[in-house]
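The numbers in my numbering rise by one with no breaks, and the one at position 168 of the sequence shown is 150. Backbone N, C-alpha and C fix where the C-beta goes; we use that ideal spot for every residue, glycine too. Let me begin by presenting the structure, written as C-alpha cells, before commenting on it.
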Amino acid sequence: MFIFNKQFLYLFIAIIIACTPNRVYAEPIPVFVSIVPQKFFIERIGGNEVEVEAMVKPGESPATFNPNPKKMSKLANAKLYFSIGVPFEKVWLPRIQALQPDLKFVSLSQGLSEANPGSLHEEDPHIWTDPVLSKKMAKKIEVELSKLKPEKKEFFNNNYQTLARELDALNQEIRKIFAATKNRSFMVFHPAWSYFAEAYGLKQVSIEHEGKEPGPRALQDVINKGKKLGIKVIFVQKQFSLSVAKKVAKMIGATVQEMDPLAENYFENMRKTAKAIAGANH
C-alpha cells in the first residue's frame, strides 16, 4: 500500500521545477544595444527569438546621449547587452553594471578595434562600417544568443550564415564600385568613416579637429586640402552642426550631403555611402 510522504512530494516538485526551462527563455530574449545598426544585425540573426531595444535612437548622438528613466526601466528586464565602444558607454555602462549585476555585457568591438585606423587624437568606434568586421561582430552575436537559447542554436546559425554571405557580397559590391572610379578621397565633418576608408583604400579628410570644430588655422588647412583634392561634396551626420561644413563647402565650391553611419538599414546605407563617395568629385 502506497503511503503518502510529504517530503517525497516536495522533492518531486523541486526536481520538476529545476528541470523546467526558465520561463523567460520561452519568450523572446530581451536584448539591449547601444546603437541602431547593432539592432539590425541582432534582429537578422535572432529573428522572433529576440526583442531588441537600442539605447540611442535615430537622430540622437552617441557622444552626448543620456538615458531617460523610461529607458532605464526597460533595461531592468534585459538579459543581454551588446556594447560597441561609442562614447556614452564609458560613463553609463559602469553605472548600469552596478545597478544590474546579473545583466550580461558583451563587447562587439573587443578584438576588432584595437588597431584604430582613424585619427591619432580620438578613437573611432564605427567598426561596423567595414563589412568584414561586421561579419565578425555577427558571429559574436550568434554565439551569445545560442548560449541563452541553446535549443535555437541551429536557427541562429542558419541566420548567421545567410547574413555572412550577404556581407561578403556587399564587400565585393563596394569594391567594384570603387574599382570603377579614380576617386579615393572624401571629406566629412565628423571622422566616422575611418574603418570604411581603411577597408577600401580611401582617404578621409575631416573638418572636425581633435573632436572639436576647427580653429582658423585648422579650418584653412581643411579648405586647402579640399581644393587640392577637388572635393565637390562634404558629407555630414544629422547629429552634428552643419554650419562649419556649409562654410567650407562655400569656400571650395562643394555641396553638403547627409551620410549617416548610424542608419538602421545597413545594406542600403552602405551601398548608398559607397556610391556617394565614388561620385563625390564628379
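- Exclusion of the five residues before and after Pro113 leaves Leu149, Leu152, Asn153 as the residues of its chain whose Cβ lies within less than 6 Å of its Cβ.
- Rounded to the nearest whole angstrom, the C-alpha separation of Asp84 and Phe249 is 34 Å.
- Under DSSP, Gln186 takes part in a beta bridge, and its partners are Phe168.
- Under DSSP, Val88 forms a beta bridge with Phe64.
- For Ser43, same chain residues with a beta-carbon under 6 Å away, outside a window of 5 residues either side, are Gln221 in chain order.
- Its chain contains His108, Thr111, Ala174 as the residues whose beta carbon lies nearer than 6 Å to that of Pro243, once the 5 sequence neighbours on both sides are disregarded; these appear in chain order.
- Note on Ser16: 16 or more other CB atoms within 10 angstroms of its CB, so buried under the neighbour-count rule.
- Comparing C-alpha distances from Val218 to each of Ile189, Pro196, Ile205, Leu211 shows the shortest one belongs to Ile189.
- Within 10 angstroms of the beta-carbon of Ala162 lie fewer than 16 other beta-carbons, which makes it exposed.
- Here Gln239 carries a strand assignment [DSSP, helix/strand/coil].
- For Lys194, the secondary structure class from DSSP, reduced to helix, strand or coil, is strand.
- C-alpha of Leu62 to C-alpha of Tyr182: approximately 33 Å in a straight line.
- Following the DSSP letters along the chain, one finds Ala231 inside the alpha helix (DSSP H) bounded by residues 225 to 234.
- In the DSSP secondary-structure assignment, Val32 is bridged to Ile11.
- When Ser225, Met169, Ile123 are compared, the shortest CA-CA separation from Glu31 is found for Ile123.
- Taking 4 residues as the shortest admissible run, the segment 100 to 144 contains the following complete alpha helix (DSSP H) segments, listed from N- to C-terminal end: 113 to 130.
- Spatial neighbours of Pro10 in its own chain (CB-CB distance under 7 Å, excluding positions within 5 residues in sequence) are listed in chain order as Asn30, Glu31, Val32, Glu33.
- Proximity to Ala227 across Lys53, Val170, Leu127, Val125 peaks at Val170, based on C-alpha coordinates.
- If you draw a straight line from the Cα of Ala120 to the Cα of Tyr142, it comes to about 7 Å.
- Phe217 carries a strand assignment under DSSP once its states are collapsed to helix, strand and coil.
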